[in-house]
Structure formats: structure tokens, C-alpha cells
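Numbering (our numbering), first residue to last: 4 to 237.
For glycine and all other residues, C-beta sits at the position ideal for the given N, C-alpha and C.
Structure, as C-alpha cells:
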Amino acid sequence: MASAQGIIESRLMLRHGEQLLLSIFIPAALLIASVSLPIFGEDLSLDTLVPMVFAVAATSSGFTGQAISLAFDRRYGALKRTGASGVPPWTIIVGKILGVVSMVCVQIAVLGPVAAFLGWRPSLSGAVLGACVLFLGVACFTSLGLLMGGSLSSEMVLAVSNLLWVIMMGIVGWVVYSGDLSQAGWWNLVPTVSLAAGISDALALTANVPALLSLLAWVVAGVSASVRFFRFDD
Numbered sequence: 004m005a006s007a008q009g010i011i012e013s014r015l016m017l018r019h020g021e022q023l024l025l026s027i028f029i030p031a032a033l034l035i036a037s038v039s040l041p042i043f044g045e046d047l048s049l050d051t052l053v054p055m056v057f058a059v060a061a062t063s064s065g066f067t068g069q070a071i072s073l074a075f076d077r078r079y080g081a082l083k084r085t086g087a088s089g090v091p092p093w094t095i096i097v098g099k100i101l102g103v104v105s106m107v108c109v110q111i112a113v114l115g116p117v118a119a120f121l122g123w124r125p126s127l128s129g130a131v132l133g134a135c136v137l138f139l140g141v142a143c144f145t146s147l148g149l150l151m152g153g154s155l156s157s158e159m160v161l162a163v164s165n166l167l168w169v170i171m172m173g174i175v176g177w178v179v180y181s182g183d184l185s186q187a188g189w190w191n192l193v194p195t196v197s198l199a200a201g202i203s204d205a206l207a208l209t210a211n212v213p214a215l216l217s218l219l220a221w222v223v224a225g226v227s228a229s230v231r232f233f234r235f236d237d
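Here it is in C-alpha cells:
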């Protein structure tokens, strides 16, 4: 049942123009602009910029996109009809996560070659480890997006999710501009920072334990709260 729900969510996401803009075109434009223009300074390498861009992409598709989509599905009764058919909340949550995973696979297929064209050359083992951390971040942001979209009104979700997106993007950009992602310290409590730091270190074949623990904690908290507070109606 969860896999079938995941297929449905994947098709919906990949056909949604706004989702594609938010999840693929904006991160790709950010990556190209970061390399072409001295936005974050001239000393930053692609090994730092690419993890940041993937963190932006995961936040866009998993958190903001899912929160808004889910909130308006609830508002117009789509989820209520799904719930009335006997589908439990956990199945919808897992299906949403699988839908975001499919979007992230598309992001990797698009952003990876763009980064390679710009000169990014990760090792195969580093890329595999980085992808594992990325999917952990996807679970984190999707669970938080489902928590917000499944518990708050659509008007509040639209405002708060976009505000949080801007704040989290600003924080991870500031951390990247200010210093080493590997030494982010307490900023690892911000999931965009911990994801970017985790991917960056994974590409270098090392484990950023504070960043990974932060992501795991957000996943557990987000999934638990989503299952507890998820509502089918607005």
C-alpha cells in the first residue's frame, strides 16, 4: 500500500511545474550563480558549494514543497477522501517520503551533471556516501514538511513554510560564507546546515558525527510528531 501511494505521489510531484521550479531549477541556478559570481567569496570550492546546493534542493522538495502541497490537499478535501478509503496516516506519510525520494533522484540526475560540467569531480565512494547523507536529510525535511502541512491551516503553512525556507537558506549561506562547514558547531542544530556539513564531509570520506546526529534527531522527532498530529481535514 505504501509503495502504491509512493508511485502516486511521485507522478504528482514530477508533473507539478511549481515543484520542478522550486526543487530543480532554483538550486541549479544557485549552483551556476555561486560558481560564476563571487557570491560566497572566491576561495570556496565546489566541494563546499555543491553540498550547500543539495541541502537547498532537499529543503525545497522535502519541506516547503510538501508542506504547501499537503496543506492545500487537506483544504480541498483530497486527504479526507483518501483517509475515508481506509488509508492510515502512516501510509500517506511514507508515500509522501517516497515521492520526495523520486524527486531527489531527479535532482541528482540534473544537478550532478551540472556540477560536473562546472568542474566538480568527487570520488565514487565519496559520492555514494554523500548520497546516503542526502537521503537522510530528505527524510528529515519531508517529515518536518508533513508535520507542518498535516497539522496547520493552509494559510499559515503557506506563510510559515516560505519564511522558514528563507531563514534556513540564509543560515546555511551565512555558515558557508563565514567558515568551514565541518566546524559549524551549534549551527548543526539547523537541519540545512547539518545536511550540507554531512554531505561535505561524506564527500571527503569522513563522518561529521554532530551533523549526522542532528539529522537523525530531526527525523525521529518529525516522523513521531507527524504520526501523532497528522489530520486529514483542514
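Taking a contact to require three or more Cβ pairs closer than 8 Å, the stretch 133-149 and the stretch 56-68 qualify as touching.
Distance from the CA of Pro-30 to the CA of Val-196, rounded to the nearest whole angstrom, comes to 16 Å.
Rounded to whole angstroms, the gap between the alpha carbons of Val-169 and Gly-98 is 26 Å. For the pair of segments examined, the stretch 147-161 was found to touch the stretch 223-234: the number of CB pairs separated by less than 8 Å reaches three. Around the beta carbon of Gln-110, 16 or more other beta carbons sit within 10 angstroms, so the residue counts as buried.
For the 9 Å CB-CB criterion, Ser-128 and Leu-208 form a contact. The Cβ atoms of Gln-69 and Val-38 lie no closer than 9 Å to each other. It is roughly 16 Å from the alpha-carbon of Gly-201 to the alpha-carbon of Ser-126. Here Ala-162 is not near Val-107, since their CB atoms are 9 Å or more apart.
Per DSSP, the continuous alpha helix (DSSP H) segment holding Gly-173 begins and ends at 157-181.
The stretch 181-195 makes contact with the stretch 211-219: 3 or more CB pairs, one atom from each, lie closer than 8 Å. A distance below 9 Å separates the beta carbons of Ala-118 and Leu-34.
With contacts defined by Cβ atoms closer than 9 Å, Leu-52 and Val-179 form a contacting pair. In this structure, the beta-carbon distance from Leu-206 to Gly-133 falls below 9 Å. Classified as buried, Arg-77 has 16 or more neighbouring CB atoms from the shown chains inside 10 Å of its CB.
Taken in chain order, the complete alpha helix (DSSP H) segments of 4 or more residues contained in the stretch 37-78 are 49-61 and 68-78.
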